[in-house]
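Chains as they are written, first to last, in this note's numbering: chain A, 1 to 202; chain B, 1001 to 1202. Built from N, CA and C at the ideal position, the CB exists for glycine as well. Report on one structure; see the data block that follows.
2 protein chains.
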Amino acid sequence: MGLRELKKERTRLAILDAAIDLFLEQGYESTTVEQIAGAVEISPRTFFRYFTSKDHLVLWFHDHGEEIMLETLRSRPSDEPPFTTLMHAVRAVLNDMRDSTSADAQRFLKLRRLLEDHPHLIGLSVARGADTERRLAELIAARRGTDPDEDQLCHLIVAYAVATMRVGFECPRRDSTVEEVIARMSETIALAERSLRPGWDL
Amino acid sequence: MGLRELKKERTRLAILDAAIDLFLEQGYESTTVEQIAGAVEISPRTFFRYFTSKDHLVLWFHDHGEEIMLETLRSRPSDEPPFTTLMHAVRAVLNDMRDSTSADAQRFLKLRRLLEDHPHLIGLSVARGADTERRLAELIAARRGTDPDEDQLCHLIVAYAVATMRVGFECPRRDSTVEEVIARMSETIALAERSLRPGWDL
DNA sequence: GTAATTTATGTCAGTCGATGACAGATCGCA
DNA sequence: TGCGATCTGTCATCGACTGACATAAATTAC
Chain A
1 MGLRELKKER TRLAILDAAI DLFLEQGYES TTVEQIAGAV EISPRTFFRY FTSKDHLVLW
61 FHDHGEEIML ETLRSRPSDE PPFTTLMHAV RAVLNDMRDS TSADAQRFLK LRRLLEDHPH
121 LIGLSVARGA DTERRLAELI AARRGTDPDE DQLCHLIVAY AVATMRVGFE CPRRDSTVEE
181 VIARMSETIA LAERSLRPGW DL
Chain B
1001 MGLRELKKER TRLAILDAAI DLFLEQGYES TTVEQIAGAV EISPRTFFRY FTSKDHLVLW
1061 FHDHGEEIML ETLRSRPSDE PPFTTLMHAV RAVLNDMRDS TSADAQRFLK LRRLLEDHPH
1121 LIGLSVARGA DTERRLAELI AARRGTDPDE DQLCHLIVAY AVATMRVGFE CPRRDSTVEE
1181 VIARMSETIA LAERSLRPGW DL
């Protein structure tokens, strides 16, 4: 990897970290892009070259997670029940988190705290989830050999999977460790599997 | 009702209708608040006194629907399985739509078309759904006599209910009638009930 | 019916997020 | 070293949104 891309990635993370800390200190709304840019000594214009919007910052880990999920989907046998596959994908995201740098984990936990403090941001994250859902539904339909426009079940499967994941992320405790989030998510997945009729997603 | 409130409601609907038509004509992003305000001959400032944001316009029917759902929840026997109750609430929204003025139905259908044309707006609507979900989860927890912070199942129930509703709203056909949307939704509800284990929500 | 009170509206100025255009700086490579 | 690609800052601009203040309308009290 060239020195250029290395530097770019470093700036990207610097912006992200500075922004998260500012958000946690003084709130999301009252932190301006100008401040964030100032903290890492770049021009506001450059900020928007790294993140398409201020909101985009909060969705950093979302993008990361989606990538891992899509990867997992591709690697799973196509005759596995779709919901099971999706739950594996969710677990893959968590495992990646467990194995990640302490810096990455730190970012994730801080973002979680940020979301708790600002319910408006949850909406934002969910909105991005709707986008992800569309892509996932298409993949699942392909696996099932159906047309996503006709096959309602593929949408339902994905919708329930994403819903399960979302419920799992909402931890009651404000300062939770990555391990705690993982444990909580496992509980939720188990609960979901107990709630659904065996073979419903075939 | 005083003349004041009457006039207010009329302006509110005038703004909404003008906006929707402009959106459909020239796209959501490229329609400015100034244009909308101009179309109904009010100042842009006044626009923001009727709708807190441009986005809020699109969520008009969402607010309407949420109100009906909450009402239905209150009127249902508290020993009914929660998911069943929620599905009744969804049906209540549809029934209200069927009985509504042609103007209201028209608005609803136009908004649906708008959402299809602008995927970004779907995210917005879903984001508002996250808000609704929180309120619903609290109600369901109260019915179940549990603490919403501890009881994961109440969140899962609501999340699945909302997910079901969302899947039902996505019709493949661009120009659908209210009846078609209702039929589609009924199918989806039936599918959901077939997918969930009996008694899962007790 | 008029006066007093409340509420709705318009105007103005200003903040903030976001984008396009251009110029200068930086990096990778021949 | 020098060329081309890419990155960055500056400037100008738009559009969403808000607060402050003055005016106009409707509601209420008398």
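### Query
Given a threshold of 16 other Cβ atoms within 10 Å of its Cβ, counted over all protein chains shown, does Pro-77 of chain A qualify as buried or as exposed?
If you number the first sequence from 1, residue 77 of chain A lands on position 77. Flag for Pro-77 of chain A reads exposed.
#### Entry: First and last residue of the uninterrupted alpha helix (DSSP H) at Trp-200 of chain A
Start at 1 with the first residue of the first sequence, and residue 200 of chain A comes out as number 200. It is not in any alpha helix (DSSP H) - Trp-200 of chain A carries neither H nor E in the DSSP assignment.
### Task
Output yes if chain A places a C-beta closer than 8 Å to the C-beta of Leu-1073 of chain B; else output no.
Residue numbering aside, residue 1073 of chain B sits at position 73 when the second sequence is read from its first letter. Chain A contact via Cβ: absent.
#### Entry: Gln-1106 of chain B versus Arg-1113 of chain B: straight-line alpha-carbon distance, rounded
Numbered from its first residue, the second sequence carries residue 1106 of chain B at position 106. Numbered from its first residue, the second sequence carries residue 1113 of chain B at position 113. The straight-line gap from Cα to Cα measures roughly 11 Å.
### Query
For Val-33 of chain A, which residues from the same chain have a beta carbon less than 6 Å from its beta carbon, with the 5 sequence-adjacent residues on both sides left out?
Here the question's residue 33 of chain A lines up with position 33 in the first sequence. Closer than 6 Å at Cβ, skipping near neighbours: Pro-44, Phe-47 and Lys-54.
### Query
Does the Cβ-Cβ distance between Gly-123 of chain A and Asp-1063 of chain B come in under 8 Å?
Here residue 123 of chain A corresponds to residue number 123 of the first sequence, with the count starting at 1. Here residue 1063 of chain B corresponds to residue number 63 of the second sequence, with the count starting at 1. Not closer than 8 Å, so no.
### Task
For Ala-1141 of chain B, I'd like the list of residues in its chain whose CB is within less than 7 Å of its CB, leaving aside the five on either flank, ordered along the chain.
In the second sequence, the residue the question calls residue 1141 of chain B occupies position 141. Excluding sequence neighbours, Ala-1141 of chain B sits near Asp-1147, Pro-1148, Asp-1151 and Cys-1154.
### Query
Got a sec? Which residues, its chain only, sit under 8 Å from Glu-116 of chain A by beta carbon, not counting five neighbours each side?
Residue numbering aside, residue 116 of chain A sits at position 116 when the first sequence is read from its first letter. So the list reads Arg-174, once near-sequence residues are dropped.
### Query
Okay, do the stretch 8-25 of chain A and the stretch 88-97 of chain A touch, 3+ Cβ pairs below 8 Å being the bar?
no
### Query
What's the C-alpha gap between Leu-86 of chain A and Leu-136 of chain A?
Here the question's residue 86 of chain A lines up with position 86 in the first sequence. Here the question's residue 136 of chain A lines up with position 136 in the first sequence. For Leu-86 of chain A and Leu-136 of chain A, the distance between alpha carbons rounds to 9 Å.
### Query
Taking a cut of 9 Å between CB atoms, which residues from the stretch 188-200 of chain A lie near chain B?
Thr-188, Leu-191, Ala-192, Arg-194, Ser-195, Leu-196, Arg-197, Pro-198 and Trp-200
### Query
If we call anything under 8 Å between Cβ atoms a contact, is Leu-1094 of chain B one with Met-1185 of chain B?
Sequence index remark: in the second sequence, residue 1094 of chain B carries index 94 (1-based). Sequence index remark: in the second sequence, residue 1185 of chain B carries index 185 (1-based). Taking 8 Å as the Cβ cut-off, Leu-1094 of chain B and Met-1185 of chain B qualify as a contacting pair.
### Query
Given that Tyr-160 of chain A touches chain B, what residues does it touch there, using C-beta distances under 7 Å?
For this step, residue 160 of chain A is matched to residue 160 along the first sequence. What Tyr-160 of chain A touches in chain B: Tyr-1160 and Ala-1163.
### Query
So, helix, strand or coil for Pro-1044 of chain B, using DSSP?
Against the second sequence, residue 1044 of chain B aligns to sequence position 44. Three-state result, Pro-1044 of chain B: helix.
### Query
Leu-202 of chain A CB to nearest chain B CB: under 8 Å?
On the first sequence, residue 202 of chain A is found 202 positions in, with the first residue counted as 1. No, its Cβ sits nowhere closer than 8 Å to a Cβ of chain B.
### Interface partners of Leu-1124 of chain B on chain A, CB under 7 Å
Position 124 of the second sequence, counted from the start, is the residue given in the question as residue 1124 of chain B. Per Cβ cutoff of 7 Å: Ala-127.
### Status (buried if at least 16 other CB within 10 Å, exposed otherwise) for Leu-139 of chain A
Sequence index remark: in the first sequence, residue 139 of chain A carries index 139 (1-based). Buried, because 16 or more other Cβ atoms sit within 10 Å of the Cβ of Leu-139 of chain A.
### Query
Got a sec: is the Cβ-Cβ distance from Glu-1138 of chain B to anything in chain A below 8 Å?
One-based indexing of the second sequence puts residue 1138 of chain B at position 138. Judged by the 8 Å Cβ criterion, Glu-1138 of chain B is not in contact with chain A.
### Task
Examine the ligand COA and report whether any of its heavy atoms sits within less than 7 Å of the Cβ of Glu-1071 of chain B.
The model on display carries no ligand, and the ligand COA is accordingly not part of it.
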